């Protein structure tokens, strides 16, 4: 009887440990090459590879989930998953509701993509994804902001003439540009926005944040993070 | 799926399409059709049951029960669906987790609400963070069924309440004259007779339910609309099967699916309503009821 009790206690304990170590990683799955769903139906991309590497370093068991961009912060707060690793720039506004890890991607350029290079960026209609730093920027730039739920819709809006240009992370727009076989071309100057991209976490999850910070710092120090950035974003990408 | 699909870049024409349409992602798309059908199959009876209970409660002689029935229909019908779909699953989820938290972690002293965060102990999470994704999916699906059932149950309650009021008083009076108790009258006359009056309203609700299933996506269940959008979106060279914006084709498939579903149900409803109308309020109706009972 004692043995049985001990065994159950041990089992309960180990189950408890297992629970504590599973981290659910929330991402959007619609922002290549940061994160996307590949043809096998799995989450893939820079952030998938990075997240798995970070979890291995921090000795965490990680499970990936997708969530719509619109509700990605509320669902983190209500505990549906434990991290947001979805190309989310670190901004003061977001910092009021969630905490960020150290950045794992340096402040990146945002760019305009349009049907012709002379598009009116200051006074025309510019499409951007809802709730992004680019949307805030467009709203303040004097142009008319046209918001969409995901990146694809913003690009479509330019193609069908609804908007004069789309404004988003340059890396995410590259596949749609003419030099990559798309039918849109760069317009205006690139703009540097935000404080880089970090992992979003609940403010109360300080232990998890410290673990990820340590893992990110280690990957920055040994150069493996830079190698990963170059692998996914090309040689010209900004590195640490 | 096929061996020939190992190197998609080398494929062309028909074999490209064959491999493309059988990719893992497309399998998930096809699977999501079953999810939508399952949702319909589960939600419709549950909503009808809730509606039935609501309608009976609204007719009850005990005042508190009547208030519950009337309050339920009035409240749900008055609040926009989308608000309900956003509210019910979140409230239900947090409520259940809170109860489990009280039960499993009585020693926990940190507050459950810290600023914006909703925090319960790891053991109280529903489902546990460590449980496989399939449980998370099932849980999400269940919350969706509950949300749909609550909303559509309220509408069904109103339809059934109206149908019950439409049954000719003379029929009920006759039953009373035979010495039946109120309960017997309800069970033997009112309920069997009301379906003919309820059917048009219920068929409307069913049609609306079919078309409301894309709201599943709001609840975090990846349904056919989600996959159509995801698969149709422009695919750059980073994917195995690059293609331009094909969303219009995927949405055409959805259009065909929804039209097929609605026209099939319409035919079914026409059949059922013809049967119900036959001999309504006559001896034939009575004979049919006996044959069925």
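Chains as they are written, first to last, in this note's numbering: chain E, 155 to 394; chain V, 679 to 971. Ideal Cβ placement from N, Cα and C applies to all residues, glycine included. Please read these numbers as outputs of a predicted model, since none were measured by experiment.
Pair within 8 Å by beta-carbon distance, residue 225/E and residue 344/E: In the first chain, residue 225/E corresponds to position 71, counting from 1. In the first chain, residue 344/E corresponds to position 190, counting from 1. Contact flag unset, no.
Residues of chain V with CB under 7 Å from residue 237/E, in chain order? Translated into the one-based positions of the first chain, residue 237/E becomes position 83. Residue 237/E does not reach chain V, its nearest Cβ partner there being about 12 Å away, counting only Cβ pairs nearer than 7 Å.
Among the residues of its own chain, which have a CB less than 6 Å from the CB of residue 903/V, if the five just before and after it don't count? As a first step, residue 903/V is located in the second chain; it is residue number 225 there, counting from the start. The residues are 892 and 895.
According to DSSP, is residue 833/V helix, strand or coil? Your numbering for residue 833/V matches position 155 in the second chain. The answer is helix: DSSP assigns residue 833/V an H, G or I state.
Beta-carbon separation (whole angstroms), residue 221/E vs residue 182/E, contact threshold 8 Å: Indexing the first chain from 1 puts residue 221/E at position 67. Indexing the first chain from 1 puts residue 182/E at position 28. About 7 Å separates the two Cβ atoms, so the contact holds.
Between residue 382/E and chain V, is any beta-carbon pair separated by less than 8 Å? Reading the first chain from its first residue, position 228 is the one you call residue 382/E. Output row for residue 382/E: interface = no.
To the nearest angstrom, how far is it from the Cα of residue 325/E to the Cα of residue 766/V? Numbered from its first residue, the first chain carries residue 325/E at position 171. Numbered from its first residue, the second chain carries residue 766/V at position 88. The alpha-carbon separation between residue 325/E and residue 766/V amounts to approximately 38 Å.
Using beta carbons (cut-off 8 Å, strictly below), is residue 226/E in contact with chain V? Position 72 of the first chain holds residue 226/E. Contact of residue 226/E with chain V is not assigned, every C-beta pair being separated by 8 Å or more.
Buried or exposed, going by whether 16 or more other CB atoms sit within 10 Å of the CB of residue 691/V? Within the second chain, the letter at position 13 stands for residue 691/V. So residue 691/V ends up on the exposed side.
In terms of DSSP beta bridges, what is residue 943/V paired with? Working through the second chain from its first residue, we reach residue 943/V at position 265. Checking the DSSP bridge columns, you'll see residue 943/V has no partner listed.
Distance, Cα to Cα, residue 697/V vs residue 191/E? What you label residue 697/V is simply residue 19 of the second chain in a count that begins at 1. What you label residue 191/E is simply residue 37 of the first chain in a count that begins at 1. Near 17 Å, if we compare the C-alpha coordinates of residue 191/E and residue 697/V.
Kindly indicate which residue of 843/V, 877/V, 885/V and 886/V has the alpha-carbon position closest to the one of residue 867/V. Locating residue 867/V in the second chain gives position 189, where the first residue counts as 1. It is 843/V whose Cα lies nearest to the Cα of residue 867/V.
In angstroms, rounded to a whole number, what distance separates the CA positions of residue 301/E and residue 837/V? Residue 301/E sits at position 147 when you count from the first residue of the first chain. Residue 837/V sits at position 159 when you count from the first residue of the second chain. So the two alpha carbons sit approximately 40 Å from each other.
Considering only heavy atoms of the ligand GDP, does any lie closer than 7 Å to the CB of residue 274/E? Ligands in the displayed structure: none, and consequently the ligand GDP is not present.
Take the Cβ of residue 830/V as the centre, count every other Cβ of all protein chains shown within 10 Å, and call the residue buried at 16 or more, exposed below. Sequence index remark: in the second chain, residue 830/V carries index 152 (1-based). With a threshold of 16 other beta carbon atoms within 10 Å, residue 830/V meets it and is buried.
Please give the ranges of any beta strand (DSSP E) in the segment 182 to 243 of chain E, keeping only runs that are unbroken, at least 3 residues long and fully inside the region. Uninterrupted beta strand (DSSP E) stretches at least 3 residues long and entirely within the segment 182 to 243 of chain E occur at 189 to 191 and 215 to 220, given in chain order.
In its own chain, which residues sit with a C-beta less than 8 Å from the C-beta of residue 378/E, not counting the 5 before and 5 after it? In the first chain, residue 378/E corresponds to position 224, counting from 1. Same-chain partners within the cutoff: 207.
Using a Cβ-Cβ cutoff of less than 6 Å, which residues in the same chain neighbour residue 859/V once the five nearest sequence positions on both sides are dropped? Translated into positions along the second chain, residue 859/V becomes position 181. There are no such residues.
Between residue 312/E and residue 332/E, is the Cβ-Cβ spacing less than 8 Å? Along the first chain, read from residue 1 onward, the residue named residue 312/E stands at position 158. Along the first chain, read from residue 1 onward, the residue named residue 332/E stands at position 178. No, the Cβ-Cβ distance between residue 312/E and residue 332/E is not below 8 Å.
Please specify which runs of the alpha helix (DSSP H), each continuous and at least 4 residues long, are wholly inside the segment 280 to 327 of chain E, giving them in chain order. Whole alpha helix (DSSP H) segments, 4+ residues: 287 to 295, 305 to 313 and 324 to 327.
What are the start and end residues of the beta strand (DSSP E) that includes residue 339/E? As a working note, residue 339/E is residue 185 in the first chain. Its beta strand (DSSP E) spans residues 339 to 346.
Any beta-carbon of chain E closer than 8 Å to the one on residue 773/V? Reading the second chain from its first residue, position 95 is the one you call residue 773/V. The C-beta of residue 773/V comes no closer than 8 Å to any C-beta of chain E.
If we cut at 8 Å on Cβ distances, does residue 741/V have a partner in chain E? Position 63 of the second chain, counted from the first residue, corresponds to residue 741/V. Closer than 8 Å: no.
Can you confirm whether the segment 229 to 246 of chain E touches the segment 349 to 365 of chain E when touching is taken to mean that 3 or more C-beta pairs between the two stretches lie within less than 8 Å? Counting Cβ pairs under 8 Å, three or more are found: they touch.
Identify whether residue 684/V lies in helix, strand or coil by the three-state DSSP scheme. As a first step, residue 684/V is located in the second chain; it is residue number 6 there, counting from the start. Three-state DSSP puts residue 684/V in a helix.
Which word fits residue 288/E, buried or exposed, when buried means at least 16 other C-beta atoms lie within 10 angstroms of its C-beta? Numbered from its first residue, the first chain carries residue 288/E at position 134. The residue is buried, with at least 16 neighbouring Cβ atoms inside 10 Å.
Which residues in chain E sit within 9 Å of residue 943/V, going by Cβ to Cβ distance? Numbered from 1 along the second chain, position 265 holds the residue referred to as residue 943/V. Neighbours of residue 943/V on chain E: none; closest Cβ ~30 Å, over 9 Å.
Classify residue 709/V as buried or exposed, calling it buried when 16 or more other Cβ atoms lie within 10 Å of its own Cβ. Your numbering for residue 709/V matches position 31 in the second chain. With fewer than 16 Cβ atoms within 10 Å of its Cβ, residue 709/V is classed as exposed.
Helix, strand or coil for residue 871/V, going by three-state DSSP, please let me know. Here residue 871/V is taken as the residue at index 193 of the second chain, counted from 1. Correct three-state label for residue 871/V: helix.
So, at 7 Å on beta carbons, what are the nonlocal neighbours of residue 203/E in its own chain, with the 5 sequence-adjacent residues on each side left out? For the purposes of this step, residue 203/E is taken as the residue at position 49 of the first chain. Only residues of its own chain outside the window of five on either side were considered, and among them 382 have a CB closer than 7 Å to the CB of residue 203/E, listed in chain order.
CA-to-CA distance, residue 275/E to residue 337/E, given in whole angstroms: Along the first chain, one-based indexing puts residue 337/E at 183. Along the first chain, one-based indexing puts residue 275/E at 121. Each residue's Cα considered, the two are about 18 Å apart.
In chain order, what residues of the same chain have a beta carbon less than 8 Å from the beta carbon of residue 675/V, not counting five sequence neighbours either side? Here chain V comprises residues numbered 679 to 971, so residue 675/V is not present and cannot be evaluated.
Report all residues from its chain with a CB closer than 6 Å to the CB of residue 841/V; omit the five preceding and five following residues, and keep chain order. Indexing the second chain from 1 puts residue 841/V at position 163. Contacts found: 872, 875 and 876.
Inter-residue spacing [alpha-carbon to alpha-carbon] between residue 822/V and residue 290/E: Translated into positions along the second chain, residue 822/V becomes position 144. Translated into positions along the first chain, residue 290/E becomes position 136. Their backbone Cα atoms lie some 33 Å apart in a straight line.
Compare the C-beta of residue 184/E with all C-beta atoms of chain V and state if any pair is closer than 8 Å. As a working mapping, residue 184/E is identified with position 30 in the first chain. Output row for residue 184/E: interface = yes.
Given this structure, state the Cα-to-Cα distance separating residue 298/E from residue 359/E, to the nearest angstrom. Against the first chain, residue 298/E aligns to sequence position 144. Against the first chain, residue 359/E aligns to sequence position 205. Between residue 298/E and residue 359/E, the C-alpha separation is close to 38 Å.
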